Each structure stands twice: as structure tokens, then as C-alpha cells.
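Okay, structure first, notes after.
There are 2 protein chains.
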Amino acid sequence: MDAASNLNAAFSALADPTRRAILARLAKGEATVMELAAPFEMTQPAISQHLKVLEGAGLVVRRVDGTKRPRRLAKAGVEAMDQWLAMLRKALEKNYDRLDEVLASMEKQKRGEKR
Amino acid sequence: MDAASNLNAAFSALADPTRRAILARLAKGEATVMELAAPFEMTQPAISQHLKVLEGAGLVVRRVDGTKRPRRLAKAGVEAMDQWLAMLRKALEKNYDRLDEVLASMEKQKRGEKR
DNA sequence: CTTGACAATAAGTTTTGACTTATATAATAT
DNA sequence: ATATTATATAAGTCAAAACTTATTGTCAAG
Chain A
5 MDAASNLNAA
15 FSALADPTRR
25 AILARLAKGE
35 ATVMELAAPF
45 EMTQPAISQH
55 LKVLEGAGLV
65 VRRVDGTKRP
75 RRLAKAGVEA
85 MDQWLAMLRK
95 ALEKNYDRLD
105 EVLASMEKQK
115 RGEKR
Chain B
5 MDAASNLNAA
15 FSALADPTRR
25 AILARLAKGE
35 ATVMELAAPF
45 EMTQPAISQH
55 LKVLEGAGLV
65 VRRVDGTKRP
75 RRLAKAGVEA
85 MDQWLAMLRK
95 ALEKNYDRLD
105 EVLASMEKQK
115 RGEKR
């Protein structure tokens, strides 16, 4: 479970639109498998499998409540991706070519911010 | 090219460690295909194919210089992912009441393993 | 103790992805 | 023109992903 494999798992988890939709739903609060499955045309096992992927990526955690297994968002995975993307973002801010630079600073001035 | 398919492409592009390494290299500045291929044991066509994926995701752009086709980072894709992740991050910050965590750890302890 | 609801797992199918080798194109140098 | 360098495309292979249906495990209610 090194950092790279976490990123593999996390980014590839988000590559699937169903899983992004599940996360978006969970961003509103805890939900059971059935609740998560409802909006989709997929079967319940399919959703369970997606959830397994999301858990493996550290993006979601499971709780036990009777026969239910409500899920909620987990910080771990989101933070890992966030940090990696921050690296790219930083590089983009630093390396942009002249044109980008001019355009970017013009944009920023509109908001009263200066780099 | 709607927003969702951009996200599909962008996240799935980042799911591959070779492609993340390519992006990390490009974060240091423009590079040709051969330069990008050098650190890997893969063949040149494999790298060209990875670059095609990255371009499709709007993460990388191509320039023409003689027979060379140097690549550099592009903002578009990074920003799209960034915004999506921001949504999750926000949800996590919002839901980060200690109550959730306390409940979670209580559940965990209560799990007394009865068969 | 049986039943029904909730969820996970198994096994099979079909797409999709990441490579390979071989070949093609395009600009540059000889 | 021909060769060389840089890259792209084509075609095929193999593994992994995303589903499906069928089945199983587990709890809680009657």
C-alpha cells in the first residue's frame, strides 16, 4: 500500500462516472447500498462492486447498522489526489509561457489579486 | 466533449503511473517524445500512445518543431479535475464534525464478534 | 425457527486498456 | 534522390474492468 498504488486506485476509481456519482451522493451524507443503487439502472451487485473499488481507494468507509452497511466519504484518498494535483497546478502556474502569463495575470487582476 | 467525458478522460489518464510520471516530467518543462520515453523500459510507440491519451484528456499540448513534437502541460484538464475534487474536499470539510468520527469509533468497538 | 430485506461473493461475458512488433509518414541532412 | 531521425499508426495479444445472473450470509421481525 505505497503512495503510488493509492494514487493508481484513487484516480482509477474516479475515472468511472458511476463512482463519481456515488461520491457526489455521499458528499451529501451517509447512504446505504440500496439508496446508492436507486438512481442507477445497474443491479445491486454492480453497485456493491463499485463501492468495493471506492473503499479500496480509501475514498469511502463503511459502517455497520443491523443488516445495513452505510457508506460515507473518507478523507484519505481525496487528500492524496489533491496533493498530487497540487503539484501539477503549481507547475502550471510556474511554467506557463508568456501568453499564458499575460492572460493569467489579467484574469487575476479582475479579481483584485496579483501574483 | 461535455464536462463528464472530460472528467472520465482526465481521471482515467491519471490512473496510469506511466502517464503520471510523464506529467511529472512535463511539470519541469517541455520535452520531446524521445526524451519522455528515455526513463521507461517501454517502447516509443507505447509512449506515443500514452501521450495521445494525455492529449485527449486535455492535460498536454503538442507543438511542432521540425520533425519533433515537443509536449507541455495544459491547464484545461487539470483545472477540471481540480474543480471536481474541490467539491469532495468541501463536503469532507463540512461533514467533518467530530460526531461522525465518534460514532464511527463507537461502532467499531461495539463490534463484539458474536457468531 | 422461518422469512424477508440488505448486502457480499462467485462465475461467466464482453469491453476496454496497455503493451508489443512492424510499418508508415514527415522533416532534415548528405 | 537517399538515408536518417523523430514520431505516428496499425494490428495483434493478454490482462483487467464493468457488467450480468445466481447464490450465499446475516440480521431482525414475526
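Read top to bottom, the protein sequences are chains A and B.
Going by our numbering, the letters in the first sequence line up with residues 5 to 119, in that order.
Going by our numbering, the letters in the second sequence line up with residues 5 to 119, in that order.
From the three backbone atoms N, C-alpha and C, an ideal C-beta is built for every residue, glycine too.
All figures in this text were calculated on a predicted structure; none of them were measured in a lab.
Which of the three DSSP states is assigned to Leu-58 of chain A in this structure?
Within the first sequence, residue 58 of chain A is the residue found at index 54, counting from 1. Three-state DSSP puts Leu-58 of chain A in a helix.
I'd like the span of the alpha helix (DSSP H) that includes Leu-37 of chain A, first residue to last.
In the first sequence, counting from the first residue as 1, residue 37 of chain A sits at position 33. In the sequence under discussion, the amino acid at residue 37 of chain A is Val, which differs from the Leu named in the question. Per DSSP, Val-37 of chain A belongs to the alpha helix (DSSP H) from 37-41.
Quick one: what's got a C-beta closer than 6 Å to Ala-80 of chain A's C-beta in the same chain, skipping five residues either side?
Taking the first sequence and counting its residues from 1, the one referred to as residue 80 of chain A is at position 76. Cβ-Cβ distances below 6 Å link Ala-80 of chain A to Gly-62 in the same chain, with the five nearest sequence neighbours on each side left out; the list follows chain order.
Separation of Val-82 of chain A from Ile-26 of chain A, as counted between CA atoms:
What you label residue 26 of chain A is simply residue 22 of the first sequence in a count that begins at 1. What you label residue 82 of chain A is simply residue 78 of the first sequence in a count that begins at 1. Ile-26 of chain A and Val-82 of chain A: Cα-Cα distance of roughly 14 Å.
Quick check on the burial criterion: 16 or more other C-beta atoms within 10 angstroms. Buried or exposed for Ala-19 of chain B?
Translated into the one-based positions of the second sequence, residue 19 of chain B becomes position 15. Burial call: buried.
In chain A, which residues lie with their C-beta within 7 Å of the C-beta of Asn-12 of chain B?
Along the second sequence, one-based indexing puts residue 12 of chain B at 8. By Cβ distance, chain A contributes Ala-19, Pro-21.
Residue-level contact to chain B via CB, Leu-92 of chain A, 8 Å cutoff:
Within the first sequence, numbered from 1, the residue matching residue 92 of chain A stands at position 88. True, the Cβ-Cβ gap to chain B drops below 8 Å.
Enclosing beta strand (DSSP E) for Arg-66 of chain B [first to last residue]:
Here residue 66 of chain B corresponds to residue number 62 of the second sequence, with the count starting at 1. Looking at the DSSP string, the run of the beta strand (DSSP E) that includes Arg-66 of chain B is 64-66.
Using the C-alpha atoms, what's the distance from Leu-92 of chain B back to Lys-112 of chain A?
If you number the first sequence from 1, residue 112 of chain A lands on position 108. If you number the second sequence from 1, residue 92 of chain B lands on position 88. Confidence is the limiting factor: at Lys-112 of chain A the pLDDT is only 38, short of 50, which leaves the residue's position unreliable, though a coordinate-based value still follows. Near 25 Å, if we compare the C-alpha coordinates of Leu-92 of chain B and Lys-112 of chain A.
Whole-number beta carbon distance between Val-57 of chain A and Arg-23 of chain A, since they are thought to touch under 8 Å:
Residue 23 of chain A sits at position 19 when you count from the first residue of the first sequence. Residue 57 of chain A sits at position 53 when you count from the first residue of the first sequence. The C-beta distance from Arg-23 of chain A to Val-57 of chain A rounds to 7 Å, short enough to meet the 8 Å contact threshold.
Compute the distance between the beta-carbons of Arg-73 of chain B and Val-37 of chain B, then report whether it is under 8 Å.
Residue numbering aside, residue 73 of chain B sits at position 69 when the second sequence is read from its first letter. Residue numbering aside, residue 37 of chain B sits at position 33 when the second sequence is read from its first letter. Yes, the Cβ-Cβ distance between Arg-73 of chain B and Val-37 of chain B is below 8 Å.
State the Cα-Cα distance for the pair Glu-45 of chain B and Val-64 of chain B, rounded to the nearest angstrom.
As a first step, residue 45 of chain B must be located in the second sequence, where it is residue number 41. As a first step, residue 64 of chain B must be located in the second sequence, where it is residue number 60. Cα atoms of Glu-45 of chain B and Val-64 of chain B: separation of roughly 22 Å, rounded to the nearest angstrom.
Span separating the alpha-carbon of Met-85 of chain A from that of Ser-52 of chain A:
On the first sequence, residue 85 of chain A is found 81 positions in, with the first residue counted as 1. On the first sequence, residue 52 of chain A is found 48 positions in, with the first residue counted as 1. Using only the alpha carbons, I get a separation of about 23 Å.
Pick from B:Leu-55, B:Arg-76, B:Pro-49 that is closest to Ala-35 of chain B, judged by C-alpha positions:
Position 31 of the second sequence holds residue 35 of chain B. Of the residues B:Leu-55, B:Arg-76, B:Pro-49, the one whose Cα lies closest to the Cα of Ala-35 of chain B is B:Arg-76.
Should Leu-11 of chain A be labelled buried (16 or more other beta-carbon atoms within 10 Å of its own) or exposed?
Numbered from 1 along the first sequence, position 7 holds the residue referred to as residue 11 of chain A. For Leu-11 of chain A, the number of other beta carbons within 10 angstroms of its own is at least 16, and it is reported as buried.
Check this for me: beta carbons of Leu-89 of chain B and Leu-55 of chain A, under 8 Å apart or not?
Against the second sequence, residue 89 of chain B aligns to sequence position 85. Against the first sequence, residue 55 of chain A aligns to sequence position 51. For Leu-89 of chain B and Leu-55 of chain A, no; Cβs fall outside 8 Å.
Since Ala-31 of chain B contacts Ala-14 of chain A with CB under 8 Å, what's their CB separation in whole angstroms?
For the purposes of this step, residue 31 of chain B is taken as residue 27 along the second sequence, with counting starting at 1. For the purposes of this step, residue 14 of chain A is taken as residue 10 along the first sequence, with counting starting at 1. Cβ atoms of Ala-31 of chain B and Ala-14 of chain A stay farther apart than 8 Å, at about 19 Å.
For Thr-71 of chain B and Glu-59 of chain A, the rounded distance between their alpha carbons
In the first sequence, residue 59 of chain A corresponds to position 55, counting from 1. In the second sequence, residue 71 of chain B corresponds to position 67, counting from 1. One alpha carbon belongs to Glu-59 of chain A, the other to Thr-71 of chain B, and they sit about 46 Å apart.
Could you check the C-alpha separation between Glu-122 of chain A and Ala-50 of chain B for me, to the nearest Å?
Coverage of chain A is limited to positions 5 through 119, which leaves residue 122 of chain A absent and any answer about it impossible.
Hey, how far is the Cα of Gln-87 of chain A from the Cα of Gln-87 of chain B?
As a first step, residue 87 of chain A is located in the first sequence; it is residue number 83 there, counting from the start. As a first step, residue 87 of chain B is located in the second sequence; it is residue number 83 there, counting from the start. When rounded, the distance between both Cα atoms is 14 Å.
Check the Cβ of Arg-24 of chain A against every Cβ in chain B and list those closer than 9 Å, keeping chain order.
As a working mapping, residue 24 of chain A is identified with position 20 in the first sequence. Below the 9 Å Cβ cutoff, chain B contributes Ala-8, Leu-11, Asn-12, Phe-15, Trp-88 as neighbours of Arg-24 of chain A, in chain order.
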